[in-house]
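*Asks:*
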Amino acid sequence: MKLLEVEDLSVEYHLPQGKVKAVDEVSLTIDKGEVVGVVGESGSGKSTLAHAVIRLVRPPGKIVGGRVLFNGQDLLKLNDEDIRKIRGKEISMIFQDPSSYLNPVYPVGFQIAEVYEAHNNTNMKELNGEVVSLLKKVRITDSEVRVGSYPYELSGGMKQRILIAMAIALKPKLLIADEPTSALDTTIQAEILSLLNELKEEYGLSILFISHDIGVVSKIADRMIVMYAGKVVEEGPVRRIVEEPLHPYTKALVLATKTARKKKLFSIPGTPPDMFNLPKGCTFYPRCPYAKETCKEWNYKMIRDHEGGVACAIYENTGSS
Ligand SMILES: Nc1ncnc2c1ncn2[C@@H]1O[C@H](COP(=O)(O)OP(=O)(O)OP(=O)(O)O)[C@@H](O)[C@H]1O
Ligand SMILES: [Mg+2]
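Quick note, the sequence shown lines up with residues 2 to 322 if you use the numbering used here.
(1) If you run the structure through DSSP and keep just helix, strand and coil, what is THR123?
(2) Return the chain-ordered list of same chain residues with a C-beta closer than 7 Å to the C-beta of ARG88, the five sequence neighbours on each side being excluded.
(3) Taking 8 Å as the cut-off, does the region 40-58 touch the region 13-30 (at least 3 CB pairs, one atom from each stretch)?
(4) Just list the beta strand (DSSP E) runs in the region 70-102, keeping only unbroken ones of 3 residues or longer that don't cross its boundaries, in chain order.
(5) Can you tell me whether DSSP reads GLY38 as helix, strand or coil?
(6) TYR316 by DSSP, collapsed to three states: which one?
(7) Under a Cβ-count criterion, where at least 16 other Cβ atoms within 10 Å of its own Cβ denotes burial, should GLY309 be classed as buried or exposed?
(8) Would you call the region 30-37 and the region 201-221 in contact, with 3 or more CB pairs under 8 Å?
(9) Taking the CB atoms as reference points, tell me whether LEU4 and ASN72 lie closer together than 8 Å.
(10) Run the CB neighbour count on HIS248, radius 10 Å, all protein chains shown included, and call it buried at 16 or more, exposed below.
(11) Put ARG305 into one of helix, strand or coil per three-state DSSP.
(12) Pick helix, strand or coil for LEU254, following the three-state DSSP scheme.
(13) Can you list, in chain order, the residues of its chain with a C-beta nearer than 6 Å to that of VAL69? Leave out the 5 residues immediately preceding and following it.
(14) Could you tell me if THR187 is buried or exposed, where buried requires 16 or more neighbouring beta carbons within 10 angstroms of its beta carbon?
(15) If you draw a straight line from the C-alpha of TYR229 to the C-alpha of GLU115, how long is it?
(16) Relative to ligand 1, what is the chain-ordered list of residues with a Cβ closer than 6 Å to any of its non-hydrogen atoms?
(17) Please name the residue, chosen from ASN300, PRO270, ASN129, ALA312, that lies closest to PRO287 on a Cα-to-Cα basis.
(18) Can you determine whether any heavy atom of ligand 2 sits closer than 7 Å to the C-beta of GLU317, and answer yes or no?
(19) Among VAL311, ASN124, GLY110, which residue has its Cα nearest to the Cα of VAL233?
(20) Please state whether the Cβ-Cβ distance between ILE193 and LEU185 is less than 8 Å.
(21) Between TYR151 and LYS172, which are expected to be in contact by the criterion C-beta below 8 Å, what is the C-beta distance as a whole number of angstroms?
(22) Using 8 Å as the threshold, is the region 148-163 in touch with the region 99-116, meaning 3 or more CB pairs across them?
(23) Can you give me the start and stop residues for the beta strand (DSSP E) that ALA23 sits inside?
(24) Under three-state DSSP, which class holds MET167?
(25) Do SER100 and GLY66 come within 8 Å of each other at the CB atom, strictly closer than that value?
(26) Taking TYR102 as the reference, give the member of ASP179, GLU145, GLU235 with the closest Cα.
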């Protein structure tokens, strides 16, 4: 049994202008100890997918279909109290906008201790040693002093380490990390990635790692899924995707990473799709250099092999993917 099995998960936002299918029948699995990356441009539905997995989609958003099996149990069927017990303890999350999750008026050590207290009824005073060793684990130097620091006294990288500490405090089985390195410069980004890799080894942690940057994902993930306009367009082992991307959108994402490394600018041609008014057929065809007339009428279909799959008409009649 997989640790996490997401099956045909769909989330919609109902807004005065219309309906957005932010996550449209997305499926993915994560094994114990596995890191699965989710990549895609801004607005492709990555955060919405992450929130849906732990049932944190708020109105005007609504989960409208699918299953989220965690250790075989459908999280979408649990009552509010039972899902609260799983959040933090079994599945924890590092949110995309870290600064808004640290309270400016409390020392960071107190905020970490609160995580323990909320789930274990432990006495706050007894927790200091535990918190200090957790800060050491996320490689915060002078942790005995830092435990009393306020968020404004810490750098962006240190704040991200505090959030990682909060996320691993209760030794969860699955960590969902939503763009955990995007706000950081390259050196700190590399440090955070190596920290997450270490924690993964030490705790046997599984990670759902979200980023718009395929280069970052390839440094940590075993497999990845690529999202476009709320749908999975490609999935497979990281190495295969980076070396031999199949979907034209994935090819463009890989090219964007390679040219960025050479300090040249490359952006994917065309504009991201209007989510209120998606084109019929393949949603990528208006931007696709390989598009044929028939792509306008194409019905989404994932062509699978033993390693993953691709959802593109080019591969439909070849028997390969
Ligand atoms: N609270 C909300 N209310 C209305 N629409 C929303 C809300 N959150 C997300 N959406 C819409 O859902 C779609 C997916 O958004 P989401 O934030 O999941 O994308 P993302 O891939 O995480 O993007 P980013 O890379 O910018 O973080 C977008 O069209 C977005 O406008
Ligand atoms: Mg996001």
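Every residue, glycine too, gets a C-beta built ideally from N, C-alpha and C.
*Replies:* Considering the structure as presented:
(1) coil
(2) ILE55
(3) yes
(4) With a minimum length of 3 residues, the continuous beta strand (DSSP E) runs that stay inside the region 70-102 are 92-95.
(5) In the structure shown, GLY38 sits in a strand (DSSP, three-state: E or B).
(6) helix
(7) buried
(8) The answer is yes - the region 201-221 touches the region 30-37, with three or more Cβ pairs under 8 Å.
(9) yes
(10) buried
(11) Per DSSP, reduced to three states, the secondary structure at ARG305 is strand.
(12) In the three-state scheme derived from DSSP, where H, G and I count as helix and E and B as strand, LEU254 is classed as helix.
(13) VAL7, VAL54, LEU76, LEU77
(14) exposed
(15) Cα to Cα, the separation comes out at about 38 Å.
(16) TYR14, LEU16, VAL21, ALA23, GLY41, SER43, GLY44, SER45, GLY46, LYS47, SER48, THR49, PRO61, GLY62, GLN97, HIS213, MET276
(17) PRO270
(18) No, the Cβ of GLU317 stays beyond 7 Å of every heavy atom of ligand 2.
(19) Looking at the Cα atoms, VAL311 is the closest of the given residues.
(20) yes
(21) The Cβ separation is near 27 Å, so there is no contact.
(22) At 8 Å Cβ cutoff, the stretches touch.
(23) 19-31
(24) helix
(25) In this structure, GLY66 lies away from SER100, with their beta-carbon atoms at least 8 Å apart.
(26) Nearest C-alpha to TYR102: ASP179.
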